[in-house]
Each structure stands twice: as C-alpha cells, then as structure tokens.
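J.: This is the structure, below, for whatever I ask next.
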Ligand code: SF4
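Residue numbers (the numbering used here): 271 to 456.
Below you can see the structure in the form of structure tokens.
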C-alpha cells in the first residue's frame, strides 16, 4: 500500500506531474486517487520530501456489531456481540470472517474502564490492526496501544467500509505513530 504522509507533503505537485493517473492535489496536499497506478513508485522516488512511501503490511480491521448489518451503537465497541474482520489491501476492503465476542458475557459483568475488560476485548481481536466502533469507553487509553481506534458515526457497515477506504491514508498514518490518539470519522 502506497500512502502520502500529509505532515511531510509541501504540495509542490512534482508527484502529480510524474503520476497524473495516480495522484491528485487536494487542498495543497497530495492524495492517492488510484492506488493501482503503475507510476506511483516513480512518484515516490521523485518526491523531494520523501512524503510518499510504501507500507509493506496490509491492515486488518475489526468492526463491532450486534446484528452484522450495523455498527454497535448503544454501548462501547467492546460490548459488541461480534466483530466483523475486514482486510485492506490494494485499495479494497474484503470481508474475512465474523468473530464471536466470546468474552461478551464476562465483559457485561465488569464495569466500564476495568483494565480486565480491555484485555478481554484484545484477546478476541488477535491479529487485528484497526478497531472500528461508534463508541469507545475509558478503556480507549489501553486499546489504542494495541489498535488504531477509529470512531465512525455512520451506522451501516457497508457505508463504514467506504468511509474507511476514503480515509485509509489517515488510518495508516496513525498506525505508524508511537503515540496514537485515535481517529474520528464521519
Ligand atoms: S512531490 Fe512530495 S511534497 Fe510534493 S506534492 Fe507530492 S507528495 Fe507532496
């Protein structure tokens, strides 16, 4: 996955002149418009700021849900009955599996913010890079060390996957950070 690091980009447009098919400039910052464009590697080499880089690893997303259609909305994401696992690669999100939140009952008995609850949530999410929910509790402080925590307001999971794809650069940037703060999307 190739991405633009917005904090390094100065908007000079050199990358776009090298790769019009794959890059556009939006609000003075380069943005990948076609992640499949062959010229993206040339654009990365041409960037004087080294702002375009390839991220080797694809990302695995978990979306908390009770009904498999909509995102968990009436409680924290850790209280979801299921997690839908989606893989991001080459500009696409592909559904992989549904994981039952086996610790769901146990979690119900714990109070919000209990460190054991964050541990229980993490154990169901082995291998996950990004946790997506509508609400996060006080345990976001612990969870963000393990996952990029993404808040999405949109209820329908289908639309959530589109929002994730639109914002994949921002998510990948957060993934790289040592001190993650979480991301709020529409
Ligand atoms: S060449 Fe680099 S600094 Fe210039 S617009 Fe492109 S990404 Fe930004």
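Quick reminder that beta carbons are idealized off the backbone N, C-alpha and C, glycines included.
1. Looking at the structure shown, is residue 395 part of a helix, part of a strand, or coil, going by DSSP?
2. Mark residue 400 as exposed unless 16 or more other C-beta atoms lie within 10 angstroms of its C-beta, in which case mark it buried.
3. Among the candidates 405, 410, 413, whose CA atom is the shortest distance from the CA of residue 334?
4. Consider the C-beta atom of residue 281 and the heavy atoms of the ligand SF4; say whether any pair is separated by less than 7 angstroms.
5. Let me confirm a value: residue 414 is counted as buried when at least 16 other C-beta atoms fall within 10 Å, else exposed. Which label applies?
6. Where does residue 359 land, buried or exposed, given buried means 16+ other C-beta within 10 angstroms?
7. Based on Cα-Cα distance, which residue from 444, 337, 450, 403 lies nearest to residue 430?
8. At a cut-off of 7 angstroms, would you count residue 274 as near the ligand SF4, judging by its Cβ distance to the nearest heavy atom?
T.: Put simply:
1. Coil.
2. Per the 10 Å Cβ criterion, buried.
3. Ranking the options by Cα distance to residue 334, first place goes to 405.
4. Yes, the beta carbon of residue 281 sits closer than 7 angstroms to at least one heavy atom of the ligand SF4.
5. Buried, since its Cβ has 16 or more Cβ neighbours within 10 Å.
6. The residue in question, residue 359, is exposed, as its Cβ has fewer than 16 Cβ neighbours within 10 Å.
7. Closest option to residue 430, Cα to Cα, is 403.
8. The answer is yes for residue 274.
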